[in-house]
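Notes follow the structure.
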Amino acid sequence: MNQKTISALIGILIGLLIGAVILLVQGYDPLATYQALFQYSLFGLYPLSTTIKNSVPLILTGLSASVAFASGPVNLGQPGQLVMGALLATIGGIYLHLPPALEVPALLALAMLGGALWAGLAAFFRQAFNMSEFIVTLMLNMIADFFTAWAISFPLMDRKAFSPMTPQIDRAGWLPDWGSFNSAIPVMLIAVGIMWFMFNRWKIGYEWRMSGQNSLFARLGGCEIRKNFVAVMLVTGALAGLAGGLVVMDGPHRFIKGLGANYAWDGVMIAIVANNDILGTLFYGLFFSAIQTGALGMELITNVPNEISQVLQAVLVLVIVASREATVAIMNRSAARRKARQRVVGHIEEKAV
Amino acid sequence: MRVFIGLITGMISGATPILLAALGGTFTFYAGVFNIAMEGMMLAGAFCAVVGSYFFHSWLMGILFAILGSLLLALIFVLFAVVLHTDEFITGIGLNLFAVGATTYLMRQTFKVKGVFADPGIVAIPSLQIPWIKDVPVLGQILSGQNVIVYLAVLLTAWSAYTVFRTRFGLRLRAAGYNAASLDSSGVSTARMRVLSLLVCGVLCGLAGAYLSLGYVRLFAENMSAGRGWISLAAIILVNGNPWGIALISLVFGFSDGLGLLLQGYNVAPQFTAMIPYIATLIALYFFSVRQKRLQKV
Numbered sequence: 000m001n002q003k004t005i006s007a008l009i010g011i012l013i014g015l016l017i018g019a020v021i022l023l024v025q026g027y028d029p030l031a032t033y034q035a036l037f038q039y040s041l042f043g044l045y046p047l048s049t050t051i052k053n054s055v056p057l058i059l060t061g062l063s064a065s066v067a068f069a070s071g072p073v074n075l076g077q078p079g080q081l082v083m084g085a086l087l088a089t090i091g092g093i094y095l096h097l098p099p100a101l102e103v104p105a106l107l108a109l110a111m112l113g114g115a116l117w118a119g120l121a122a123f124f125r126q127a128f129n130m131s132e133f134i135v136t137l138m139l140n141m142i143a144d145f146f147t148a149w150a151i152s153f154p155l156m157d158r159k160a161f162s163p164m165t166p167q168i169d170r171a172g173w174l175p176d177w178g179s180f181n182s183a184i185p186v187m188l189i190a191v192g193i194m195w196f197m198f199n200r201w202k203i204g205y206e207w208r209m210s211g212q213n214s215l216f217a218r219l220g221g222c223e224i225r226k227n228f229v230a231v232m233l234v235t236g237a238l239a240g241l242a243g244g245l246v247v248m249d250g251p252h253r254f255i256k257g258l259g260a261n262y263a264w265d266g267v268m269i270a271i272v273a274n275n276d277i278l279g280t281l282f283y284g285l286f287f288s289a290i291q292t293g294a295l296g297m298e299l300i301t302n303v304p305n306e307i308s309q310v311l312q313a314v315l316v317l318v319i320v321a322s323r324e325a326t327v328a329i330m331n332r333s334a335a336r337r338k339a340r341q342r343v344v345g346h347i348e349e350k351a352v
Numbered sequence: 000m001r002v003f004i005g006l007i008t009g010m011i012s013g014a015t016p017i018l019l020a021a022l023g024g025t026f027t028f029y030a031g032v033f034n035i036a037m038e039g040m041m042l043a044g045a046f047c048a049v050v051g052s053y054f055f056h057s058w059l060m061g062i063l064f065a066i067l068g069s070l071l072l073a074l075i076f077v078l079f080a081v082v083l084h085t086d087e088f089i090t091g092i093g094l095n096l097f098a099v100g101a102t103t104y105l106m107r108q109t110f111k112v113k114g115v116f117a118d119p120g121i122v123a124i125p126s127l128q129i130p131w132i133k134d135v136p137v138l139g140q141i142l143s144g145q146n147v148i149v150y151l152a153v154l155l156t157a158w159s160a161y162t163v164f165r166t167r168f169g170l171r172l173r174a175a176g177y178n179a180a181s182l183d184s185s186g187v188s189t190a191r192m193r194v195l196s197l198l199v200c201g202v203l204c205g206l207a208g209a210y211l212s213l214g215y216v217r218l219f220a221e222n223m224s225a226g227r228g229w230i231s232l233a234a235i236i237l238v239n240g241n242p243w244g245i246a247l248i249s250l251v252f253g254f255s256d257g258l259g260l261l262l263q264g265y266n267v268a269p270q271f272t273a274m275i276p277y278i279a280t281l282i283a284l285y286f287f288s289v290r291q292k293r294l295q296k297v
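Order-wise, the sequence lines are chains Y and P. According to numbering that gives the first Met the number 0, the residues represented by the first sequence are 0 to 352, in order. According to numbering that gives the first Met the number 0, the residues represented by the second sequence are 0 to 297, in order.
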């Protein structure tokens, strides 16, 4: 086992222990709670398939954040990009009427376009006026939130509904139902695969990573920093938009109030614990999804409210990251001490000669 | 005239939470801590204010609880960012999300409700009528009858400006951010200054939170800080942390808030009026970057 895995396991363990203490303080039985949590998320075909299905928007937004953070841009606009993608996919689904084999890809493309455009807006502000994308994307999140809320309560509102929501999208745009295996999963896996290849095998991914680690080095090496910045923003926006499109096409088949939920912020957390690693994002996405999925079942048999999953997630993020950095610090210190000792020993031997 | 006074009052009440949080952030800004946890601290403060006010039937206990709740988050920030050397950005994001999760969970746990907790048992922070001034036409309606926290915020602005620029503590604080190594070598611990700055930030964000849930309105709603912590961060960046500049910028944001309320009366969709403060932030950032560019050319 390498250092990364060990520190992650230590972090998860400490995080779960802190969670257990929180549960104990509230007067719950932590062992029974955890047992219920994982019983409803991992053990058995149905819980497991639900966990994987629920992980799709988390992993896609996590992937978006990972790729952005690893390449430099601080794109925190996943929540806004997700709802804009979902909105565009919904509009497409309402007005486009194609055979399913064309409708589904068309809506997915529209979702990606919506996310990319919203991220592109932030990239434009950065390139044209040098406005920090960090705050701009955060503000655009709020604006997108209100904009979609307006769109579903006025121009796109379903007249027959009692609360703000759009009419259902064309049946052809619904993701096909394959029993317990959800058809959003292959879309997510393809996206993860493409991003992995891009990052680890292709030249463009290498340029992005170098720009993220040391933009001066990348520029001197001949990368077009500005072009790469825009490209990263567009691609990561498209990924977040795709998550939104899949939520619409797989779930309610319409844009309902509160559609974005907390997916995108969970995705940002996942990217952070995964240290912007693509396969790590896949793993932690599944892990967080297991906690969220299990929490709903847990609420049924224990009395613990499912909101505890949000607390547990944030605790895990902080502890895992802290344990990773602490492990690195301890390793560095012991390496330095070893080197110093060798020096001293060498010095003494020299004198002895 | 009524419209004008309404606009000004709306501006002041919109500006207060942003001002308080930004004043807190300015201490960490000068101490060289990249603190983005104001959003979470404010939210924790808003929740704890309602808890204190509801269970003790006293707005003073509400404020006390708000400060304690916000301080708890500041202490967690200290633990991770200063003691364990976790990345400050990550700590901040983690804490903000922790605050959302914890307040949602605790609201359900303590009050058995989801979404919003409003109850007549919550005691609001009173307004202050200033004798004589309140009888002055127009001016009296603006200067008098504001919430206690509003007056406190004005005093705290002056106090922050004085502390940061005129005291030994302020000098050390700025040195911690400007050149940590030289501060350490002169015998003052940078880490200690950073911890203190975070604690001050905790107290001020707690007040901002108390104002949100006991002054601005009298309820707690999930995620009710609604990006105000981020706006206050933008305010700090825009004026390089100067407390008086922050007060001015907060008033601008507060004005956009008040304008939103006003426009709702003119049949503008509420979603668009709610967007205004965020758009105002973008516009302010635009002017900031234009000025930066001009300064760089010179």
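C-beta atoms are modelled at their ideal positions from N, C-alpha and C, and glycine is treated no differently.
CB contact check: residue i to chain Y, cutoff 9 angstroms
i, result
"TRP131 (chain P)", "no"
"VAL99 (chain P)", "yes"
"ASP256 (chain P)", "no"
"LEU197 (chain P)", "no"
"ARG293 (chain P)", "no"
"GLN108 (chain P)", "yes"
"THR189 (chain P)", "no"
"SER288 (chain P)", "yes"
"TYR215 (chain P)", "no"
"LEU281 (chain P)", "yes"
Residues of its chain near residue i, where Cβ-Cβ distance is below 8 angstroms and the 5 sequence neighbours each way are ignored
i, result
"VAL238 (chain P)", "GLY244, ILE245, LEU247 and ILE248"
"LEU6 (chain P)", "PHE254, GLY257, LEU258 and LEU261"
"PHE124 (chain Y)", "MET130, GLU132 and VAL135"
Sequence-distant residues of its chain with Cβ nearer than 6 angstroms to residue i (five each side left out)
i, result
"LEU396 (chain Y)", "In the structure as shown, chain Y begins at 0 and stops at 352. Residue 396 (chain Y) is therefore absent and cannot be evaluated."
"SER212 (chain P)", "ALA45, ALA48, VAL49 and PHE219"
"MET60 (chain P)", "GLY51"
"GLY119 (chain Y)", "LEU233"
CB contact check: residue i to chain P, cutoff 9 angstroms
i, result
"GLN25 (chain Y)", "yes"
"MET130 (chain Y)", "yes"
"ASN1 (chain Y)", "no"
"PRO104 (chain Y)", "no"
"VAL20 (chain Y)", "no"
"LEU137 (chain Y)", "yes"
"PHE146 (chain Y)", "yes"
"ILE224 (chain Y)", "no"
"GLN309 (chain Y)", "yes"
"VAL267 (chain Y)", "yes"
"ASN140 (chain Y)", "yes"
"LEU152 (chain Y)", "Leu is not the amino acid found at residue 152 (chain Y); the sequence shown has Ser there. Answer yes: the Cβ-Cβ gap between SER152 (chain Y) and chain P drops below 9 angstroms somewhere."
"LEU317 (chain Y)", "yes"
"PHE124 (chain Y)", "yes"
Beta-ladder partner(s) of residue i, from DSSP
i, result
"TRP177 (chain Y)", "Y:PHE180"
"ASN146 (chain P)", "P:SER126"
"ALA220 (chain P)", "P:VAL115"
"MET164 (chain Y)", "Y:ILE255"
Beta-carbon contacts of residue i that lie in its chain and below 7 angstroms, excluding the five residues immediately before and after
i, result
"PHE110 (chain P)", "PHE116"
"CYS47 (chain P)", "PHE64, ALA65, LEU67 and GLY68"
"ILE269 (chain Y)", "LEU57, GLY61, THR280, TYR283, GLY284 and PHE287"
"ARG107 (chain P)", "LYS113"
"LEU106 (chain Y)", "ALA88, GLY91, GLY92, GLY172, GLY244 and MET248"
"ALA190 (chain P)", "VAL81"
Under 9 angstroms between C-beta atoms of residue i and residue j
i, j, result
"ILE132 (chain P)", "ALA209 (chain P)", "no"
"ILE75 (chain P)", "LEU94 (chain P)", "yes"
"MET274 (chain P)", "GLY259 (chain P)", "yes"
"SER322 (chain Y)", "GLY10 (chain Y)", "yes"
"ALA355 (chain Y)", "ASN74 (chain Y)", "Only positions 0 to 352 of chain Y appear in the structure, and residue 355 (chain Y) is not among them; the question remains open."
"GLY79 (chain Y)", "ILE142 (chain Y)", "yes"
"VAL314 (chain Y)", "LEU81 (chain Y)", "no"
"GLY228 (chain P)", "TYR277 (chain P)", "no"
"ILE168 (chain Y)", "GLY76 (chain Y)", "no"
"GLN145 (chain P)", "ASN129 (chain Y)", "no"
"PHE28 (chain P)", "GLY169 (chain P)", "no"
Near the ligand COA: residue i beta-carbon under 8 angstroms from a heavy atom
i, result
"ILE245 (chain P)", "For the ligand COA, the structure offers nothing, since it holds no ligand at all."
Inside the segment 246 to 310 of chain Y only - alpha helix (DSSP H) runs reaching at least 4 residues: For the segment 246 to 310 of chain Y, whole alpha helix (DSSP H) runs of length 4 or above, ordered along the chain, are 262 to 272 and 277 to 300.
Ignoring anything shorter than 4 residues or poking outside the segment 56 to 96 of chain P, list the alpha helix (DSSP H) runs there in chain order. List check, alpha helix (DSSP H) in window: 58 to 76.
Quick check on the DSSP output: what are the complete alpha helix (DSSP H) runs of length 4 or more inside the segment 1 to 63 of chain Y, in order along the chain? If we require 4 residues or more, the alpha helix (DSSP H) runs fully inside the segment 1 to 63 of chain Y come out as 2 to 24 and 29 to 38.
Unbroken beta strand (DSSP E) runs of length 3 or more, entirely within the segment 240 to 266 of chain P: which are they? Counting only runs of at least 3 residues, the segment 240 to 266 of chain P fully encloses no beta strand (DSSP E) element at all.
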